[in-house]
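Residue numbers (our numbering): 23 to 595.
Below you can see the structure in the form of structure tokens.
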């Protein structure tokens with residue numbers, strides 16, 4: 023193919039160079055658009071055609087004749103040296119070439135002659151200087167090392183000629199103009215993009231699904247322009263703002279909004295966690311003096327310093343005094359410094375969620391619990407903390423002081439490294455506990471369950487999923503003491519038998535939900551005892567091979583009989 027191209031250059035140099043220059047000019051426009059916009063969206067076919075026509079009709083032929091002239095000129099007795107050719111190219115050829123390029127491309131893009139001439143006067147000086155800066159080195163290499171018949175491919179395209187609806191400012195940047203000075207109103211037409219955004223800003227409320235489809239494919243800068251257009255026309259409602267939350271955002275400017283409710287603003291941290299950083303959090307804490315709840319789940323751009331109370335003495339975090347509920351679920355970047363700041367500034371906390379905050383150690387949890395006497399709900403799931411968070415080291419604190427709030431009602435220790443020692447601490451302090459989740463706490467035994475249920479008589483929900491060391495002894499303790507129990511999860515507790523289930527059926531009359539997944543030692547008797555006693559308990563069964571289908575079907579029929587207002591319900595998982 024290369025050989026054929028060389029032959030074409032020899033047989034028809036002008037035609038070959040013109041066609042090649044046309045494709046190179048169009049390809050350069052495509053590459054420039056992709057480098058700037060990071061996408062092919064928005065690439066104008068008309069603009070590509072303009073560069074193709076300009077490259078084929080002007081750039082290729084003109085450069086062919088110009089370089090041929092430099093090689094064969096007879097103005098002097100000797101041929102020009104490469105440096106003299108470069109000097110002639112830069113000072114004689116480049117100024118008119120750049121001027122004609124800017125003017126011609128403006129006309130080819132659809133601008134009027136007057137608008138193109140006005141744009142030329144504004145951008146020509148900076149464009150010429152930029153051409154000299156960028157292309158001089160390239161041309162020096164071309165005149166020294168590139169064969170004459172190939173030099174035409176070093177296209178003299180001025181860097182960044184402004185479109186007819188833009189001007190180049192004193193600092194070299196391109197700024198859009200809504201109206202070109204000195205041009206008739208007919209020439210100052212808005213761009214197609216502006217017209218489309220204006221139309222989208224007034225889309226009817228029943229076409230929100232269409233807006234979602236468009237937002238999915240628009241570049242980020244056009245999405246922001248559409249948002250600003252809606253704000254300017256006062257057409258931004260809750261439903262339309264929610265459409266902007268459907269995709270990740272790094273910037274969201276809502277200045278001037280007057281028709282949206284607080285409820286939609288609460289969705290910002292959940293739908294667009296990339297928006298929230300320390301500056302946003304501190305601004306909220308400084309300005310919202312009556313803030314009650316702050317949920318920052320999944321906000322990866324915040325750090326411990328967002329809650330540092332003495333960060334700025336002139337702008338105190340006023341909201342910390344009223345803050346009662348905070349959630350940092352999945353914020354794995356947070357450390358123990360956060361709890362130190364919360365203990366100092368947020369003395370009214372009643373609910374905190376630290377799920378999956380794995381960088382917060384047990385000693386930090388212990389120190390925080392000692393300073394949070396009003397805490398009612400605590401979520402420490404998937405944090406890998408141990409007993410040290412709840413039971414003090416006797417060498418440091420005689421009497422093994424338990425760091426547990428007496429007002430605690432809900433505690434989630436799913437997938438934590440706690441043992442019976444933690445359950446003893448809970449039993450000693452948390453007599454008002456109503457919900458406890460111990461899923462995948464594999465070190466929990468019957469001893470801990472007995473201590474817990476003996477003291478926490480108000481327990482309503484208990485999750486012992488995958489606590490494999492718990493046997494019928496622990497289940498009988500639950501049945502004897504936790505008679506207010508409403509929900510119990512015994513999935514993967516493979517050591518429990520029908521005896522434990524019979525005790526639950528006889529004592530826990532209010533048990534509404536019982537999960538039994540892969541409890542392999544259970545038989546039909548476990549279900550039959552609930553049916554015979556008329557308990558309105560809903561079973562979730564899976565993998566319990568000892569429970570037959572006939573027993574399950576009998577329980578379902580008993581629950582569906584007209585005479586029975588209540589009955590055992592079975593759900594196969």
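A virtual CB, placed ideally from N, CA and C, is assigned to each residue, including glycine.
Per DSSP, residue 372 is not a residue of any beta strand (DSSP E), being assigned neither H nor E.
For residue 457, the secondary structure class from DSSP, reduced to helix, strand or coil, is strand.
With 16 or more other CB atoms across the displayed protein chains lying within 10 angstroms of its CB, residue 89 is buried. Distances from the alpha-carbon of residue 454 to those of 430, 499, 569 put 430 closest. Less than 8 Å separates the beta-carbon of residue 467 from that of residue 442. Residue pairing from DSSP leaves residue 326 without any beta-bridge partner. The residue from 449, 444, 450, 463 with its alpha-carbon nearest to that of residue 436 is 463. In chain order, 230, 233, 234, 237 place their CB closer than 8 Å to the CB of residue 265, counting only its own chain and leaving out the 5 sequence neighbours on each side. When only Cα atoms are considered, residue 144 and residue 325 end up about 47 Å apart. Note that the C-beta distance between residue 522 and residue 557 is not below 8 Å. Non-local beta-carbon contacts of residue 331 in its own chain, meaning distances under 8 Å to residues more than five positions away in sequence, involve 338, 339, 342, 363, 366, 367 in chain order. A straight line joining the alpha-carbon of residue 401 with that of residue 244 spans about 41 Å. Of all alpha-carbon atoms in 142, 392, 118, 239, the one lying nearest the alpha-carbon of residue 128 is that of 142. A check of alpha carbon separations from residue 567 across 579, 582, 555, 549 identifies 549 as the nearest. In the three-state reduction of the DSSP assignment, residue 309 falls in the helix class, which pools H, G and I. Leaving aside the five residues that flank residue 410 on each side, the residues in its chain whose CB is nearer than 7 Å to its CB run, in chain order, 384, 385, 388. Residue environment for residue 298: buried (at least 16 other C-beta atoms within 10 angstroms of its C-beta). If you draw a straight line from the Cα of residue 504 to the Cα of residue 322, it is about 40 Å long.
For the pair residue 500 and residue 507, the CB atoms are nearer than the 8 Å cut-off.
The closest CA to that of residue 456, considering only 465, 448, 482, is found on 482. Spanning the alpha carbons of residue 71 and residue 257 requires a straight line of approximately 37 Å. Annotation for residue 575: the continuous alpha helix (DSSP H) segment containing it runs 571-582.
By alpha-carbon distance to residue 160, the top candidate from 111, 134, 538 is 111.
Counting every other CB atom within 10 Å of its CB across the protein chains shown gives residue 46 a total of 16 or more, marking it as buried. DSSP, read as helix, strand or coil, puts residue 408 in strand.
When beta bridges are read from the DSSP output, residue 509 appears opposite 483, 535.
Judged by DSSP secondary structure, residue 432 falls within the beta strand (DSSP E) whose first and last residues are 432-434. With fewer than 16 other Cβ atoms inside 10 Å of its own Cβ, residue 314 counts as exposed. For residue 391, the enclosing alpha helix (DSSP H) begins and ends at 384-392. For the pair residue 459 and residue 447, the Cα-to-Cα distance works out to about 15 Å. Following the DSSP letters along the chain, one finds residue 163 inside the alpha helix (DSSP H) bounded by residues 135-167. Around the beta carbon of residue 403, 16 or more other beta carbons sit within 10 angstroms, so the residue counts as buried.
Per DSSP, reduced to three states, the secondary structure at residue 439 is strand.
Cβ contact annotation for residue 169 (same chain, cutoff 8 Å, sequence separation greater than five): none. Ranked by how close their Cα comes to the Cα of residue 494, the residues 535, 472, 50, 479 have 472 in first place.
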